[in-house]
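All remarks here apply to the structure that follows.
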Amino acid sequence: MEYFDLHCDTLYETILQDCSLYDNNLQLSIRRGLRYEPWVQCFAIWIPDQCRERKALALFNRAVHKLRAELAACAQVRQCISGEEIKETIAQGKAAALLTVEGGGVLGGDLSTLDHLAQCGVKMLTLTWNGSCEIGDGAMVEHPHGLTEFGKQAIHKMEELGIVADVSHASDPLFYDVAEIAKKPLVASHSNSRKLCPHPRNLTDDQFAVIQKSGGLVGLNFYPSFLEESGEAGVASVLRHADHFLSLGGERVLSIGSDFDGADMAQGIEGIQSMERLYESFLHHGYKESVVKGIFFENAYKFFTTL
163 MEYFDLHCDT
173 LYETILQDCS
183 LYDNNLQLSI
193 RRGLRYEPWV
203 QCFAIWIPDQ
213 CRERKALALF
223 NRAVHKLRAE
233 LAACAQVRQC
243 ISGEEIKETI
253 AQGKAAALLT
263 VEGGGVLGGD
273 LSTLDHLAQC
283 GVKMLTLTWN
293 GSCEIGDGAM
303 VEHPHGLTEF
313 GKQAIHKMEE
323 LGIVADVSHA
333 SDPLFYDVAE
343 IAKKPLVASH
353 SNSRKLCPHP
363 RNLTDDQFAV
373 IQKSGGLVGL
383 NFYPSFLEES
393 GEAGVASVLR
403 HADHFLSLGG
413 ERVLSIGSDF
423 DGADMAQGIE
433 GIQSMERLYE
443 SFLHHGYKES
453 VVKGIFFENA
463 YKFFTTL
C-alpha cells in the first residue's frame, strides 16, 4: 500500500520519552511504517506555545539532530529536501522523510531563522499552534487577530525559500490574511470539517474552497474531538469527513494528516499499522480505488514533488 502522511508528532515525542524513532511503543515507528511502499512521512517538530525564542530554536535543533542520527542508522529511510530527492528515494525503494515544524514561535520574531530552517530541510511550517506567536494568533485565542507585520514578511520569505505555509491551528483572521497575501498553495496538514464538527481547529467550507483554489492540500485528522462534537469517534467518523470534503470537489485536495503521537486516535486506529485497515474501509465505503489512492498517497506526492 502507498502511504503519505502530512503530519505526525512522533519526533517530538521520542525526545520527550527518550526513545527510538525506529522502534518504539508510540503510535508511529519507522519499523512499522516500512510496511508501506512507497511511504512518505512528514515529521513535525512541535514547538509548544510556552516554548519561546532561544528555547524554541534549541528544541528545533535538538529534534533535527535526533532525526539525522536516527536516519543515519537506517538505510531504508532518507530525509528529502527537494521533489527530485523524493522521486529518487521512492524509485530506490526507500521511504522518504520530510521535516516540518508545528509552531511559528520557532522563529522568535527573527526572519533570518527561516534561512536556518530551510538549510535543515524544513518543507512546511504550521504558522501558529493554538495560542499566539510573533506571526499571529492561533485557533484557540479568544479574540484573535490576523497576521502581524512580521507574519506578513515571514509568509513572503517562506515562499521564497520553498517552505509551505500550513494553516492548521490558524485562527480565522490569520487564515484569511494568509490567503490574501500568499502567492503559493496553502496546506492544512491536519484539520477536519467544521460543518460536521464545530471546533475552531477545523475548516469551514469556505476555507476548504480557498485551499482548493490555491492548489493546496487538506489532511484528515484522526483526533476524536476534531471528528465528532461528542468526542467519541471511529473510522465511520473519518469517512464522514472525507465524504463531506469530497462533496465539495476535494478529490485532488484531500490527504491524510494523522496527528500520530500528537493526539488520541479514533477507535479502530491504533497507529500507523492501522492504515492498511483504514484504506480497506475507504474501499468498502464505495470509493473508487483511484480516489482512495489519491487520498492516501498521490495527492500529497504530486504536491510535494512539484513544489
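In this note's numbering, the protein residues as written are 163 to 469. In this text, a Cβ means the ideal position worked out from N, Cα and C, and glycines have one as well. As the structure is a prediction and not an experimental result, all values here were calculated from the model.
Of all alpha-carbon atoms in 273, 255 and 211, the one lying nearest the alpha-carbon of residue 303 is that of 211. One thing to note: residue 242 has its Cβ no nearer than 8 Å to the Cβ of residue 221. In this model, residue 203 and residue 307 are separated by some 32 Å (Cα to Cα). Taking C-beta atoms as the reference points, residue 380 and residue 370 count as a pair closer than 8 Å. Taking residue 255 as reference, the option from 198, 192, 417 and 331 with the minimal CA-CA separation is 198. The region 229-241 makes no contact with the region 286-302: fewer than 3 CB pairs, one atom from each, lie closer than 8 Å. By the neighbour-count definition (other C-beta atoms within 10 Å, threshold 16), residue 345 is an exposed residue. Taking 3 residues as the shortest admissible run, the region 186-218 contains the following complete beta strand (DSSP E) segments, listed from N- to C-terminal end: 201-208. At least 8 Å separates the beta-carbon of residue 457 from that of residue 384.
The region 342-399 contains, as complete beta strand (DSSP E) runs of 3+ residues, the segments 348-350 and 379-382 (chain order).
Look at residue 286 here: in three-state DSSP terms it is strand. When the five nearest sequence neighbours on each side are left out, the beta carbons in the same chain lying within less than 8 Å of the beta carbon of residue 229 are those of 173, 183, 205, 241, 259 and 261, in order along the chain. By the C-beta density criterion, residue 253 is exposed, having fewer than 16 other C-beta atoms within 10 angstroms.
With a beta-carbon spacing of about 31 Å, residue 194 and residue 267 fall beyond the 8 Å limit used to define contacts. Ranked by how close their Cα comes to the Cα of residue 449, the residues 406, 433 and 179 have 406 in first place. Between residue 286 and residue 325, the C-beta spacing is below 8 Å. Counted as a single uninterrupted DSSP element, the beta strand (DSSP E) harbouring residue 260 occupies residues 257-264. Taking a cut-off of 8 Å for Cβ pairs, the region 347-362 and the region 315-325 do not touch, as fewer than three such pairs fall below it.
Within the same chain, and ignoring the five residues on either side of residue 428 in sequence, the residues whose Cβ sits closer than 7 Å to its Cβ are 384, 386, 389, 395, 396, 397, 399 and 400. A Cβ-Cβ distance of about 6 Å is found for the pair residue 200 and residue 164, placing them in contact under the 8 Å criterion. Close CB contacts of residue 415 within its chain, under the 8 Å cut and outside five residues either way in sequence, are with 370, 373, 374, 378, 379, 380, 407 and 461 (chain order).
Annotation: residue 271 to residue 329 spans about 18 Å, alpha carbon to alpha carbon.
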